[in-house]
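These notes concern the structure reproduced below.
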Amino acid sequence: MAANILPEGTIADPTDPGTLRPQYPPFTNLGTEFIPMNILIKSTMVHLPRSLIRSDPLEYFLIYYTEEVVQSIVGHTNKHYDDSEKPTTRCARANKWFPTTVPEIYTYLGIRLYMMLHSENSIEDYWNTSDSTPFHPITHYMSRNRFQQLHMHFRVGPPDGDIFDRVEPLSEQIKATNKGIWTPGTRVVVDESMIGFTGRAKEKLTIPNKPTPVGVKAWVIADRGFFCSWIWHKPGIGNGPVGIYTPTALGGGKNGKGGNKTAAVVPHLLQSLPKAQYHVYVDNLFTGNKLFEYLRSLGHGATGTARINSQIAEPLVELKKNDKGKDVLEWGTFTSYTSPSNLVCHMGWKDNSFVLAQSTVWDGKTLIERLRKRPRDISTSAKTAQAPFGGLFEKYMMIPRVFDEYNHHMGYVDRGDQLITSNAGLRRFRRGAAPALEHWLFRIVINNSYMIYNEALPTTKTTKPVSAKGFKMAISQGLLDRFGSQSKKMGIVDIVEVTGWVLNVELWVQFPVI
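For the sequence shown, position 39 matches number 39 in this note's numbering, and the numbering has no gaps at all.
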């Protein structure tokens, strides 16, 4: 198949030709009676070592950044300096490099987390001793020049390959830790997430309607904001989700190549979770009859909003077209059909607009009472959407439970994005996208650790909840308290044993031992 020919039954997303949407005509021959899946609802479970001190936030962070993981980072960081070392002139102002250590990397991470919570315009400002600037205690643990050295050479993987290969060791370690600790509840969400990056990289793309519109894209499966697993994305024709096997049911060949790789993201991510039955919620980028029937064959339920080209029932397509821009359907209008196989329910409901959806679990006939707010007058469907309120600003109304459940659960990835981007720091990554990915992984660990902490120590009437900011501050201070003094000692004493060099701390010059 030529590289510029899209797989059958797909259309390229306007933001990226490597992201595919389903493209099928509507069903004209419909089924007789929908057969819903019976999904057993289970709650999230957390599995922690008995030795873990559950009241200490730092303990949760160290589950991910173990000494073994940090030792690997130490090796990659030192090797990056060795590989990039260039001869320096006699009067060069750059400080001599000495190999980093495990305590120093822990200290470096603690300082980075501190910087996320206390933003300054530049790194130098944290070490500014002017009376007009605030004092930052991190200056006690590391000099500015040493921090900048580490920041420049900090690496979590080998230098070979693309930007994804360079962070893959840490990424896989985090995902493996997630799987061992966090067993998601039944309801999970698959959605795209943007990693902010404004520099040059072929992996960068722009999605205008996202909170972070420019950067690198990842596909994420989440449980209530906890990022369980993810897949990197490479934009462009013939690219797409990285490392995806496309099943034949979604158009893939015998070798797993071709077909709708974007749709294949959903079963791939579900298979990365602990083995169980899940009910996955997706948006209209994924929703399609073929995908939902395939997920059902794997034992998983699926619910998602749909487009008119997602192989949905033709009568629903006609209702959607007739109501668009005309606002002729009354608020609350609901109708449903079933796929020819009777395995997928197709439905439409008039809220502010006529919304299409598909599900292998819900038939849409179950209603639930919810407090609704009256749409503003500028709404395009204000005529019909405001009518049920009778002049009230809000009112309890009966709505299909499927849409209530969708609205409640679909924001799991967005919730995680909000926690991850909160206090992310003001400095943007421009010199290569790999550091931006590493920083994203670092923030995932912080967010996931916070969620594990809340599961392990739920708030009661006698305990006060710990804020996300307070949790981060505790980790930062814990890293500095536990490893900061060791880091300074290693920089003066132990480096002599490792390298055979003596460090003159005052002048920052190295002399060979005689």
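Beta carbons are placed, not taken as given, at the ideal position from N, Cα and C, and that holds for glycine.
Check: Leaving out five residues on either side along the sequence, give the residues of the same chain with a beta carbon under 6 Å from the beta carbon of ALA302.; Outcome: VAL280, PHE292, LEU295, THR360
Check: Under three-state DSSP, which class holds GLY491?; Outcome: Because GLY491 sits at a pLDDT of 45, beneath the cut-off of 50, its placement in the model cannot be relied upon, and the following sentence gives the value as read from the coordinates. Note: GLY491 maps to helix in three-state DSSP.
Check: Measure the Cβ-Cβ separation of HIS140 and TYR126 and say whether it is below 8 Å.; Outcome: no
Check: Looking at C-alpha atoms only, which residue of ASP165, LYS290, THR32 is the closest neighbour of GLY157?; Outcome: ASP165
Check: Can you check whether the CB of ALA436 is closer than 8 Å to the CB of PHE197?; Outcome: yes
Check: Using a Cβ distance threshold of 8 Å, determine whether the segment 170-185 contacts the segment 97-108, with at least three qualifying pairs required.; Outcome: no
Check: If we call anything under 8 Å between Cβ atoms a contact, is VAL216 one with LYS204?; Outcome: yes
Check: For THR366, which of GLY390, GLU405, LEU329, ASP377 has the nearest alpha-carbon?; Outcome: GLU405
Check: For LYS472, count the other beta carbons within 10 Å of its own beta carbon; 16 or more makes it buried, fewer makes it exposed. Which is it?; Outcome: buried
Check: Between the Cα of PRO213 and those of MET451, VAL445, ASP417, spot the shortest distance and give me the residue it belongs to.; Outcome: ASP417
Check: Identify every residue that forms a DSSP beta bridge with THR335.; Outcome: GLY348
Check: So which of PHE334, TYR453, PRO400, VAL282 has the shortest CA-CA distance to MET410?; Outcome: VAL282
Check: When you compare each of ALA306, ARG376, LEU392, ASP414 to LEU356 by their alpha carbons, which one comes out closest?; Outcome: ALA306
Check: Would you kindly work out how many angstroms separate the C-alpha atoms of SER339 and GLY325, rounded to a whole number?; Outcome: 28 Å
Check: To test your reading of the DSSP string, which unbroken beta strand (DSSP E) runs of 3 or more residues are found completely within the segment 169-257?; Outcome: 187-196, 204-206, 214-223, 226-234
Check: Relative to the alpha-carbon of GLY236, which residue among ALA249, LYS261, PRO247 has its alpha-carbon at the smallest distance?; Outcome: LYS261
Check: For ASP377, count neighbouring Cβ atoms within 10 angstroms of its own Cβ and tell me buried if that reaches 16, exposed if not.; Outcome: exposed
Check: Given this structure, state the Cα-to-Cα distance separating THR7 from ALA218, to the nearest angstrom.; Outcome: Here residue 7 turns out to be Pro, not Thr, going by the sequence shown. C-alpha separation (whole angstroms): 22 Å.
Check: Tell me, please, whether the segment 446-453 touches the segment 238-249 by the rule of three or more beta-carbon pairs shorter than 8 Å.; Outcome: no
Check: Would you check if the distance between the CB atom of LYS179 and the CB atom of PRO274 is smaller than 8 Å?; Outcome: yes
Check: List the DSSP bridge partners of HIS279.; Outcome: ARG187, GLY301
Check: Quick one: give me the first and last residue of the alpha helix (DSSP H) that ILE399 is part of.; Outcome: First-last for ILE399: 394-400, but that is the beta strand (DSSP E), not the alpha helix (DSSP H).
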